[in-house]
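Following the UniProt record's numbering, the numbering of the sequence shown begins with 1 at its first residue and continues without gaps.
C-beta: ideal position from N, C-alpha, C; glycine also.
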Amino acid sequence: MATLDRRAFLRTTGLAGLALGLAACGDNGTATSGSSSGGDGFGAVKLQLSWKKNVEFAGEYFADTNGYYKAAGFTQVELLSGGGSGTSVESGLATGRCWAGLSAPTITAPAILQGAPLKIVGATFQKNPFAIISLSKNPIKDAKDLAGKRIGVQDSNELVWNALLKANGLDDSSVTRVPFQSDPSMLTSGQLDGYVGFVTSGPVNLRLQGHDPEYLLLADAGLPLVAETFTVTQETIDNERDKLKAFLTAEIKGWKDAVADPAKSAELAATVYGKDQNLDVKEQTEEAKMQNDLVVTPDARKNGLFTMTPELIEENISSLAKAGLTIKAEQLFDLSILDEVYQADPSLKLS
Numbered sequence: 001m002a003t004l005d006r007r008a009f010l011r012t013t014g015l016a017g018l019a020l021g022l023a024a025c026g027d028n029g030t031a032t033s034g035s036s037s038g039g040d041g042f043g044a045v046k047l048q049l050s051w052k053k054n055v056e057f058a059g060e061y062f063a064d065t066n067g068y069y070k071a072a073g074f075t076q077v078e079l080l081s082g083g084g085s086g087t088s089v090e091s092g093l094a095t096g097r098c099w100a101g102l103s104a105p106t107i108t109a110p111a112i113l114q115g116a117p118l119k120i121v122g123a124t125f126q127k128n129p130f131a132i133i134s135l136s137k138n139p140i141k142d143a144k145d146l147a148g149k150r151i152g153v154q155d156s157n158e159l160v161w162n163a164l165l166k167a168n169g170l171d172d173s174s175v176t177r178v179p180f181q182s183d184p185s186m187l188t189s190g191q192l193d194g195y196v197g198f199v200t201s202g203p204v205n206l207r208l209q210g211h212d213p214e215y216l217l218l219a220d221a222g223l224p225l226v227a228e229t230f231t232v233t234q235e236t237i238d239n240e241r242d243k244l245k246a247f248l249t250a251e252i253k254g255w256k257d258a259v260a261d262p263a264k265s266a267e268l269a270a271t272v273y274g275k276d277q278n279l280d281v282k283e284q285t286e287e288a289k290m291q292n293d294l295v296v297t298p299d300a301r302k303n304g305l306f307t308m309t310p311e312l313i314e315e316n317i318s319s320l321a322k323a324g325l326t327i328k329a330e331q332l333f334d335l336s337i338l339d340e341v342y343q344a345d346p347s348l349k350l351s
């Protein structure tokens, strides 16, 4: 199972050269990684995932397996694993390693603030999976419950932790932060009262080990943020709009299938796309069920998968500000492409 630092709240490695790299690419950088093949199709493109191939990317597996990418006009959409050093989506876009990628506002925003011409065009997870994970015998159900508690926080998640405290008016002296390396036994042995982890995996693993977990989503504790965001260059939006709409259409279809069938999602992750990851089908199935609650919110059901309401966009901008990232909504997000996709085919919305 991947450790928590796979989702460092803010990755700064490699950001210094991003703006220069993307500026240098220009038309050639875009063409290298995702130009149309001409004729009737869009050719082959590369989509960089935010982490290794587990069930988090079930929608992409379905889009590939069920032929939605090909039906949209792509000869191939190659799924590139992420998570390694120097393989952020933002770096991949700068170097032409990928045409599109799955990232997060907390990673894309600093790149944009340093001059990288990037935009988020959709959000798979309407709620970020970050949570405070505890046990029901000593539950942390509300931010106010953090006072006096010992909470495990990895160094990579320091910004999200500080932003959470700021969002809830908590002084850092009121909570004991404990160095943490994603070892849940520190919670079950009583060394911790809770830890910052992923709701899609932490509670599932604890439950499978016979424990009774509790969790508090940071999105429900004053720090709403989206995740698994589709990130592209401004060049792609300006010059390959139809191609991007075709891609997002295939993605929507894939994620509709994934939401409807967690068991198949787990099977594809464990036995096909992530078969080298030693994934457990039962665990992956439970994680798929958990992540469905992050993907399908009432707003997403009403407006369509990946969409963001103006209110959600502003909430994300406010959350980023609490983490020290001051950016305007129009600098970071462009949901107009998705709007056009759903206007052209309303049947893509969840029934």
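Keeping to the same chain, check which residues put their C-beta closer than 7 Å to that of residue i; ignore five residues upstream and five downstream.
{"i": "P346", "result": "none"}
{"i": "N128", "result": "L218, A219, L225, V226 and A227"}
{"i": "Q331", "result": "I112"}
Could you check where the alpha helix (DSSP H) with residue i kicks off and where it finishes?
{"i": "F342", "result": "A small correction: the amino acid at residue 342 is Tyr; Phe does not occupy that position in the sequence shown. Note, Y342: alpha helix (DSSP H), S336 to A344."}
{"i": "S319", "result": "P310 to K322"}
{"i": "S265", "result": "P262 to L268"}
{"i": "P105", "result": "P105 to L113"}
{"i": "A147", "result": "Premise fails: A147 is in no alpha helix (DSSP H) and is neither H nor E."}
Skipping 5 residues on each side, what residues in its chain have a beta carbon closer than 8 Å to that of residue i?
{"i": "P139", "result": "D145 and E214"}
{"i": "V272", "result": "Y61 and T65"}
{"i": "E314", "result": "A329"}
{"i": "L208", "result": "K282, E283 and E286"}
What are the boundary residues of the beta strand (DSSP E) that includes residue i?
{"i": "T231", "result": "A227 to T233"}
{"i": "K46", "result": "G43 to Q48"}
{"i": "V175", "result": "It is not in any beta strand (DSSP E) - V175 carries neither H nor E in the DSSP assignment."}
{"i": "R150", "result": "R150 to V153"}
{"i": "E214", "result": "P213 to L217"}
{"i": "T124", "result": "L118 to F125"}
Residue i: which of the options sits nearest, CA to CA?
{"i": "K243", "options": "N54, V296, V55 and A72", "result": "A72"}
{"i": "T231", "options": "G122, K137 and S134", "result": "G122"}
{"i": "L294", "options": "G254, S156 and E56", "result": "E56"}
{"i": "E340", "options": "S318, G324, S351 and N303", "result": "N303"}
{"i": "residue 413", "options": "K322, A321 and D299", "result": "Look at the range of the chain in this structure, 1 to 351, and you will see that residue 413 is not part of it."}
{"i": "T200", "options": "F247, A258 and E283", "result": "E283"}
{"i": "D172", "options": "W161, F180, P179 and G190", "result": "W161"}
{"i": "A270", "options": "W255, A260, E286 and Q114", "result": "E286"}
{"i": "L206", "options": "S182, L223, G222 and A221", "result": "S182"}
{"i": "residue 357", "options": "A263, G41 and G222", "result": "No answer is possible for residue 357: it lies beyond the span of the chain, which begins at 1 and ends at 351."}
{"i": "I337", "options": "A246, A260 and W255", "result": "A246"}
Rounded to whole angstroms, how far is the Cβ of residue i from the Cβ of residue j, which I believe are closer than 8 Å?
{"i": "F333", "j": "I120", "result": "5 Å"}
{"i": "L348", "j": "Y342", "result": "6 Å"}
{"i": "A321", "j": "L159", "result": "Wrong, their Cβ atoms sit about 12 Å apart, outside the cutoff."}
{"i": "A163", "j": "L216", "result": "About 15 Å separates the two Cβ atoms, so there is no contact after all."}
{"i": "I252", "j": "L192", "result": "Wrong, their Cβ atoms sit about 40 Å apart, outside the cutoff."}
{"i": "V175", "j": "K137", "result": "Contact doesn't hold; Cβ gap of about 19 Å is too wide."}
{"i": "T124", "j": "G83", "result": "In fact, because the Cβ distance is near 17 Å, the residues do not count as touching under 8 Å."}
{"i": "V281", "j": "A266", "result": "5 Å"}
Leaving out five residues on either side along the sequence, give the residues of the same chain with a beta carbon under 6 Å from the beta carbon of residue i.
{"i": "A23", "result": "Low confidence applies here, because A23 scores a pLDDT of 44, under 50, leaving its location unreliable; read the following figure in that light. Excluding positions up to five away in sequence, the list is empty."}
{"i": "S35", "result": "With a pLDDT of 36 at S35, under the threshold of 50, the predicted position of this residue should be treated as unreliable, though the coordinate-derived value follows. Closer than 6 Å at Cβ, skipping near neighbours: no residue."}
{"i": "A250", "result": "A63, Y68, Y69 and A72"}
{"i": "L47", "result": "V77, L79 and A100"}
{"i": "V89", "result": "Q48, G101, S103 and T231"}
{"i": "G202", "result": "I133"}
{"i": "K53", "result": "S81, Y273 and G274"}
{"i": "D276", "result": "none"}
{"i": "L93", "result": "T233"}
Beta strand (DSSP E) runs contained entirely in the region 182 to 207, provided each spans 3 or more residues: You should have 194 to 198.
Segments of 4+ residues assigned as alpha helix (DSSP H) that fall wholly inside the region 279 to 308: Listed in chain order, they are 281 to 295 and 298 to 303.
4-residue-minimum alpha helix (DSSP H) runs that sit fully inside the region 68 to 95, ordered along the chain: Considered as a whole, the region 68 to 95 harbours 68 to 71 and 89 to 95 as its complete alpha helix (DSSP H) runs of no fewer than 4 residues, in chain order.
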